[in-house]
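Please read the structure below before turning to the comments.
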Ligand SMILES: Cc1ncc(COP(=O)(O)O)c(C=O)c1O
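Numbering (our numbering), first residue to last: 10 to 357.
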């Protein structure tokens, strides 16, 4: 039995902890605290089991058509994956040669680095937002750039014009990872659909604003030739029949989606203010989480452990760029009140 050298060296991606107990305040993986649309339950209750006997639609036509219609494009501009993590893995196969690299902001979604390692190509991190320079030595050989907007874990928003300017000069494919864009006030969809931008795609997920992280559905929108390339390398049946049907129901329930997103954003604004009032340094967030530095002498690592001991889970990313902050997912008002109460006792 032989394991490849690159896999032997690989540091696997470490997802946020999923505690078994429901009796915890779980603010560590940017899940939505509200349930998915009730229309999802209707679909599940009435799901014809005979559809499980057969393979699902390999082209997810109904879901694609709904996504295309809502975004003013055609199905040829839409690709769907088993979570946006799969969309990323497919892009890494379709747009990166063996002697090229994958780039992203730094800090950003840490899976990108692992994705490059799995693909056995280098990863190039660029300082965040405005400072990303196409011609910087680091990005020289990069053929796929993953620009998270709003960024994670920082929550910061980059203006679409900044990304457009970058993409114009960048010779490879730019995927704007918009996992959290529904919580922001803008998006880069128009860049992905502008005929002059042959190299920009936006990627979205049902895991965050649609409260469907357990379902595993993500998608991307972009130029038809890039979408076609992704179809060529995907598994035949990468999105199962239940996932296609439930995602479609959630997607169509626009009113519920808007309401849930508005609640999260309202709670984020209130929580942001409360942290600032308590002396935290909080980065402006356009997302469903905040990235915040506690007032000295408290440390992020210390508070992470102390909160966990109280069954309150937040996320801590050690390292020089991220280790002085905690990433805290926005939950319900009640959950944030419990967290603030605990912080009040811990940060004195
Ligand atoms: C920036 C970013 N992109 C993509 C994903 C993956 O989302 P999905 O659940 O659709 O695979 C995440 C998940 O946390 C994320 O933070």
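We put the beta carbon where it would ideally sit given N, CA and C, even for glycine.
For residue 98, the enclosing alpha helix (DSSP H) stretches over residues 93-103.
Non-local beta-carbon contacts of residue 143 in its own chain, meaning distances under 8 angstroms to residues more than five positions away in sequence, involve 175, 178, 179 in chain order.
A check of alpha carbon separations from residue 26 across 152, 320, 242, 46 identifies 320 as the nearest. Residue 302 sits close to residue 333, with the two beta carbons spaced by under 8 angstroms. Following the DSSP letters along the chain, one finds residue 116 in no alpha helix (DSSP H), marked with neither H nor E. Where residue 153 is concerned, there is no enclosing alpha helix (DSSP H), although the beta strand (DSSP E) around it starts and stops at 151-157.
With a cut-off of 7 angstroms, the C-beta of residue 22 is classified as distant from ligand 1, since no heavy atom of the ligand falls inside that distance. Apart from sequence neighbours up to five positions away, the residues of its chain that approach residue 45 with a beta-carbon distance below 7 angstroms are 219, 220, 221, 259, ordered along the chain.
Those residues that have a beta carbon less than 6 angstroms away from any non-hydrogen atom of ligand 1 are, in order along the chain, 39, 92, 93, 94, 118, 157, 161, 186, 188, 214, 216, 222, 227.
Between the alpha carbons of residue 89 and residue 69 lies a distance of about 7 angstroms.
Judged by beta-carbon spacing, residue 299 lies beyond the 8 angstroms limit of residue 313, meaning their Cβ atoms are not closer than that value. Bounds of the alpha helix (DSSP H) holding residue 313 are 309-318. Between residue 72 and residue 213, the alpha-carbon positions lie close to 13 angstroms from each other. With contact defined as three or more Cβ pairs closer than 8 angstroms, the region 274-284 and the region 95-107 are not in contact. Membership of residue 345 in the alpha helix (DSSP H) is indicated by the continuous run 342-355. Under the three-state reduction of DSSP, residue 325 is assigned to coil, being neither helix nor strand. The alpha-carbon of residue 310 is positioned some 13 angstroms away from that of residue 318. From the listed residues 353, 147, 91, the smallest Cα separation to residue 316 is found for 353. Sorting 325, 20, 251, 66 by C-alpha distance to the C-alpha of residue 128 places 20 at the top. A contact is defined here as three or more CB-CB pairs under 8 angstroms, and the region 220-238 fails this definition with respect to the region 51-58.
Straight-line spacing of the CA atoms in residue 249 and residue 65 works out to 6 angstroms. In the same chain as residue 272, and ignoring 5 residues on each side of it, the C-beta atoms closer than 7 angstroms to its own belong to 43, in chain order. Residues 233, 236 of the same chain have their beta carbon placed closer than 7 angstroms to that of residue 85, with the five preceding and five following residues left out of the count. The shortest C-alpha to C-alpha distance from residue 292 to any of 210, 12, 335, 247 is the one to 335.
Rounded to the nearest angstrom, the gap between the Cα atoms of residue 207 and residue 305 is 48 angstroms. Residue 298 carries a strand assignment under DSSP once its states are collapsed to helix, strand and coil.
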